[in-house]
Amino acid sequence: MTPVAHRVVSRVQETADTWTLELESLDVRVRPRAGQFDMLYAFGVGEVPISTSGDHEGDGPLTHTIRAVGAVTRALCGLDAGAVVGVRGPFGTEWPLAQTAGGDLVIVAGGIGLAPLRPAVRHALARRDDYGSVSVLVGARTPQDLLFVSELEGWRARFDAEVDVTVDAAATGWHGRVGLVTTLIPGAVIDPANASALVCGPEVMMTFVVRALVDRGVPLDRIWVSMERNMRCAVGHCGHCQLGPTLICRDGAVFPAPAMTRLMEVREL
Amino acid sequence: MGADGLTALVEALRQQGYRVVGPTVRDGAIVLDEISSADELPHGWTAQHEAATYRVERREDDAVFGWAVGPHSWKQELLPSRVRLWRAAARNGDAPAIEEEPPPDRPLALLGARSCDLHAIAIQDRVFLEGRYVERDYAQRRDGAFVVAVNCGEPGGTCFCASMGTGPRAETGFDLALTELTEVGHRYLVEVGSERGRALVSALPVREASEDDRAAATKVTDDAVDRMGRRLETAGIQELLAANLEHPRFAEVAERCLTCGNCTLVCPTCFCTSVEDVNDLADGSAERWRSWDSCFSTEYSYIHGGSIRRSPRARYRQWLTHKFGTWFDQFGTSGCVGCGRCIIWCPVGIDVTEELAAIRATDGKVDRGNAG
Amino acid sequence: METLDELIAHAPVFAGLGSEDLTLIAGCAQNVGFDDGELLFREGEPADTFYVVRRGRVSLELHTPERGGLVIDTIEPGEVVGWSWLFEPYVWHFDARAAGPLRAIAFDGACLRGKCDDDKELGYELMKRFAQVMIDRLQHARVRLLDVYGGVGVG
Numbered sequence: 000m001t002p003v004a005h006r007v008v009s010r011v012q013e014t015a016d017t018w019t020l021e022l023e024s025l026d027v028r029v030r031p032r033a034g035q036f037d038m039l040y041a042f043g044v045g046e047v048p049i050s051t052s053g054d055h056e057g058d059g060p061l062t063h064t065i066r067a068v069g070a071v072t073r074a075l076c077g078l079d080a081g082a083v084v085g086v087r088g089p090f091g092t093e094w095p096l097a098q099t100a101g102g103d104l105v106i107v108a109g110g111i112g113l114a115p116l117r118p119a120v121r122h123a124l125a126r127r128d129d130y131g132s133v134s135v136l137v138g139a140r141t142p143q144d145l146l147f148v149s150e151l152e153g154w155r156a157r158f159d160a161e162v163d164v165t166v167d168a169a170a171t172g173w174h175g176r177v178g179l180v181t182t183l184i185p186g187a188v189i190d191p192a193n194a195s196a197l198v199c200g201p202e203v204m205m206t207f208v209v210r211a212l213v214d215r216g217v218p219l220d221r222i223w224v225s226m227e228r229n230m231r232c233a234v235g236h237c238g239h240c241q242l243g244p245t246l247i248c249r250d251g252a253v254f255p256a257p258a259m260t261r262l263m264e265v266r267e268l
Numbered sequence: 000m001g002a003d004g005l006t007a008l009v010e011a012l013r014q015q016g017y018r019v020v021g022p023t024v025r026d027g028a029i030v031l032d033e034i035s036s037a038d039e040l041p042h043g044w045t046a047q048h049e050a051a052t053y054r055v056e057r058r059e060d061d062a063v064f065g066w067a068v069g070p071h072s073w074k075q076e077l078l079p080s081r082v083r084l085w086r087a088a089a090r091n092g093d094a095p096a097i098e099e100e101p102p103p104d105r106p107l108a109l110l111g112a113r114s115c116d117l118h119a120i121a122i123q124d125r126v127f128l129e130g131r132y133v134e135r136d137y138a139q140r141r142d143g144a145f146v147v148a149v150n151c152g153e154p155g156g157t158c159f160c161a162s163m164g165t166g167p168r169a170e171t172g173f174d175l176a177l178t179e180l181t182e183v184g185h186r187y188l189v190e191v192g193s194e195r196g197r198a199l200v201s202a203l204p205v206r207e208a209s210e211d212d213r214a215a216a217t218k219v220t221d222d223a224v225d226r227m228g229r230r231l232e233t234a235g236i237q238e239l240l241a242a243n244l245e246h247p248r249f250a251e252v253a254e255r256c257l258t259c260g261n262c263t264l265v266c267p268t269c270f271c272t273s274v275e276d277v278n279d280l281a282d283g284s285a286e287r288w289r290s291w292d293s294c295f296s297t298e299y300s301y302i303h304g305g306s307i308r309r310s311p312r313a314r315y316r317q318w319l320t321h322k323f324g325t326w327f328d329q330f331g332t333s334g335c336v337g338c339g340r341c342i343i344w345c346p347v348g349i350d351v352t353e354e355l356a357a358i359r360a361t362d363g364k365v366d367r368g369n370a371g
Numbered sequence: 000m001e002t003l004d005e006l007i008a009h010a011p012v013f014a015g016l017g018s019e020d021l022t023l024i025a026g027c028a029q030n031v032g033f034d035d036g037e038l039l040f041r042e043g044e045p046a047d048t049f050y051v052v053r054r055g056r057v058s059l060e061l062h063t064p065e066r067g068g069l070v071i072d073t074i075e076p077g078e079v080v081g082w083s084w085l086f087e088p089y090v091w092h093f094d095a096r097a098a099g100p101l102r103a104i105a106f107d108g109a110c111l112r113g114k115c116d117d118d119k120e121l122g123y124e125l126m127k128r129f130a131q132v133m134i135d136r137l138q139h140a141r142v143r144l145l146d147v148y149g150g151v152g153v154g
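Chains as they are written, first to last, in numbering that gives the first Met the number 0: chain A, 0 to 268; chain B, 0 to 371; chain C, 0 to 154.
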């Protein structure tokens, strides 16, 4: 599978080290569903797996939010409108949006984890009658690291969604919550026995969040997490993304929590 | 066919346009390389196989295949250690034109594939051809490859194909299978495994095999079963490893393991690769190359922030539990074919059969110092 | 509409206490309200009153010269504000401020301290519960120190 050429339509800076790119295909359309990822190729530099942060059921551009942490992501984040990017995909499993309909939905996002969850939130709010209560719980390092602030405010302004935000460390002028994202779970407006949760963020954060959700009474098999490992080929041929018995590119990145909790307990797995 | 049949075999394959790769002696080892005639085969050679020990020796007879395995396996032909996948020429402002690498100019003929190695090829076929995506380069090399198997009569000191159910007799996956018979003259029993094999046989100096010939050939592999250098108890091994991820044996092995990765290099089923994107500053073109990688390297499991498997203990555990355990979860078979190469080419002689037996013997023991 | 006694009985920090102890504690309690931004207590003041949040949130703040007041933690409904009333030197270590309109139950800590000196068993029960509150906050603070999200210039 070779990269499909896409042109950068827009580039928006979200935080000091994160940008959102919108891409238009110059060939076949690549349409990742919520939770899936594409391999983005910066010509001559390299390829990285990036979850989609937009929805592609319509005719809109291909959307990815990227954090600049290495050579390839820095190259991608530095591209101006008009530049060419290669895209292979879509790969991986989706957020279980159909499966979780009919009950309350809790979406817990930590840091850059809000990006892969954004399409799930948009889906739930666009099909509002399919779900009971919809709660979006967001944790970030500092107020300056919050993603999609105006969209978060838009969700929060709705009468039919709960949006709670907390940061690990505050800054001057922040009068919102300060604390671990798990502190938002006891107060979430949900009926735990009839709720599902989608969780995405650093693995340590997800471990604590899953525990807090289970303590609250959400059944473990109604919780889904998004896992990450080193990824090269995305097609199950290079071996890098193994996590125990799974290949994340093929069996994930979205997994039901019961499949992951034991693996997450084993160090250096 | 007689011993001279090998000459005719190599000749016939070459005439049909195949690139014939077979065993040959070089640099103190029986390696795999392109051969232009049967003379280059290891006539009268054998090898000593033991943990951390490999030595070629002269035989007293002329047998060509009187040895088990060498450091090379067929993955060096089907999954070469470094290949270009595609090139892309930059076109100012426009999408680069990507040109995928064409197939090799000649199809491959594998001469002398042991049953364990045939199983290894089948295992790699599952990974590269039978998943959702096909590995194009592998498929191009695999497609049309002519396989001449050889049944083992002299298992090596570290062989355990009998335990793994992968030999010593080649059952399937070949066009022709040879069994070398050195008693009562030097001859080969030739079994046909495909239409293509049948067609080639017509170019060889063969005669119909007699009952004695068949019996002699069967005896060769039957005897080999009893002379395996190692044994491995495989019952419930997938569950055993899944339940013992924190076994203290992994820390114990880690004190010996150099994480050199030799085992992954010589293992015929290890398939991990990495891709590298390179560019040419002069003309702005780019290429993607694929090369062998090993789970023993520290960068193998790197994600932003650091590597997941930092310690040698974690990396050895990954290799052993993948090979014998999670390979089942991922691909439906074991990843090991019992060829014993890893035991030979480990510089410190770590023996997977010994390690697995040790874990089985103390199933359930937990290494509290390192456990999560 | 719950009475003060019922609110106290349902507060997580007092879970499992006997009815006699709960009555005693309720005797030291009253309903209070604060406006958005109003201080509950200030760093350095004597720690004689602690609170359980009913509705609203409380920001715990530390003041630094360069950056002014910084929020270090947020207390949610049902949770306790303040443990320094039970541990020497009985002085507050940070500011507590209402983040939005606040309804809370205020407890006379000085009075309760005296009662604990007389009734060691009550003292032990309260110590256990307030120690648990501190453990939870400490664990959270430690995980936040891990800085798992990374950020500008990190990772």
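A virtual CB, placed ideally from N, CA and C, is assigned to each residue, including glycine.
In this text, all values refer to a predicted model and were calculated from it rather than measured experimentally.
For residue i, list the residues DSSP reports as bridge partners.
| i | result |
| --- | --- |
| N278 of chain B | B:A285 |
| S225 of chain A | A:V253 |
| C199 of chain A | A:A108 |
| G67 of chain C | C:T63 |
| H63 of chain A | A:L20, A:T51 |
| V336 of chain B | Answer is none; V336 of chain B lacks a bridge partner. |
| R10 of chain A | A:L20 |
| Y30 of chain C | In the sequence as presented, Tyr is not what sits at residue 30 of chain C; that position holds Asn. Bridge partners of N30 of chain C: C:I104. |
When you compare each of the options to residue i by their alpha carbons, which one comes out closest?
| i | options | result |
| --- | --- | --- |
| A100 of chain A | A:R127, A:M204, A:V27 | A:R127 |
| D159 of chain A | A:V213, A:L104, A:T165 | A:L104 |
| C240 of chain A | B:P103, B:I307, B:R340 | B:I307 |
| D362 of chain B | B:T325, B:F249, B:R340 | B:F249 |
| D54 of chain A | A:P185, A:V120, A:C76 | A:V120 |
| V149 of chain B | B:R213, B:P167, B:Q139 | B:P167 |
| T297 of chain B | B:W288, B:R312, B:S284 | B:R312 |
Using 10 angstroms around the beta-carbon of residue i, count the other beta-carbons present and answer buried if the total reaches 16, otherwise exposed.
| i | result |
| --- | --- |
| Y123 of chain C | exposed |
| I49 of chain A | buried |
| V151 of chain C | Note that V151 of chain C has pLDDT 46, beneath the 50 cutoff, so the model's placement of it is unreliable and no number is given. |
| L20 of chain A | buried |
| P41 of chain B | buried |
| A125 of chain A | exposed |
| D279 of chain B | exposed |
| T171 of chain A | exposed |
| V365 of chain B | exposed |
| M205 of chain A | buried |
| S80 of chain B | exposed |
| E179 of chain B | buried |
| G368 of chain B | exposed |
| V183 of chain B | exposed |
| I134 of chain C | exposed |
| H122 of chain A | buried |
| Q35 of chain A | buried |
| V137 of chain A | buried |
**OP:** Quick one: which residues of the stretch 25 to 56 of chain A get their C-beta closer than 9 Å to a C-beta of chain B? List them in chain order.
**Re:** L25, D26, Y40, A41, F42, G43, V44, G45, E46
**OP:** Check each residue of the stretch 262 to 287 of chain B: if its Cβ is closer than 7 Å to any Cβ of chain A, include it; give the result in chain order.
**Re:** F270, C271, T272, S273, V274, D276, N278, A285
Subject >> Residues within the stretch 102 to 120 of chain C neighbouring chain A, beta-carbon criterion of under 7 Å >> reply: none
Original post:
Of all the beta strand (DSSP E) runs that stay within the bounds of the stretch 169 to 218 of chain A, which reach a length of 3 or more residues?
Top reply: 194 to 199
Subject >> Residues of the stretch 66 to 78 of chain C with Cβ closer than 7 Å to any Cβ of chain A, in chain order >> reply: R66, G67, L69, V70, I71, D72, T73, E75, P76
Original post:
Closer than 8 Å, Cβ to any Cβ of chain A: which residues of the stretch 235 to 266 of chain B, in chain order?
Top reply: A241, L244, E245
Subject >> Minimum length 4: unbroken alpha helix (DSSP H) runs contained in the stretch 195 to 281 of chain B >> reply: 210 to 224, 236 to 241, 247 to 253, 261 to 265
Original post:
Using a beta-carbon distance cut-off of less than 9 Å, what residues from the stretch 181 to 193 of chain A approach chain C?
Top reply: T181, T182, L183, P185, G186
Original post:
Going along the stretch 236 to 256 of chain A in order, which residues come within less than 8 Å of chain B, judged by CB to CB distance?
Top reply: H236, C237, G238, H239, Q241, G243, P244, T245, L246, R249
**OP:** Identify every run of the alpha helix (DSSP H) within the stretch 289 to 358 of chain B, keeping only runs that are complete inside it and at least 4 residues long; order them along the chain.
**Re:** 311 to 320, 326 to 330, 340 to 344
Subject >> Complete beta strand (DSSP E) runs within the stretch 172 to 197 of chain B (minimum length 3 residues, chain order) >> reply: 175 to 180, 186 to 191
Subject >> Interfacial residues, the stretch 312 to 336 of chain B to chain A, with Cβ spacing under 7 Å >> reply: A313, H321, T325, D328, Q329
Subject >> Completely contained alpha helix (DSSP H) runs for the stretch 97 to 156 of chain A, where each covers 4 or more residues >> reply: 113 to 125, 148 to 156
Original post:
Which residues, taken in chain order from the stretch 288 to 312 of chain B, show a beta carbon closer than 9 Å to some beta carbon of chain A?
Top reply: R289, D292, C294, E298, Y299, S300, Y301, I302, H303, G304, S306, I307, R308, R309, S310, R312
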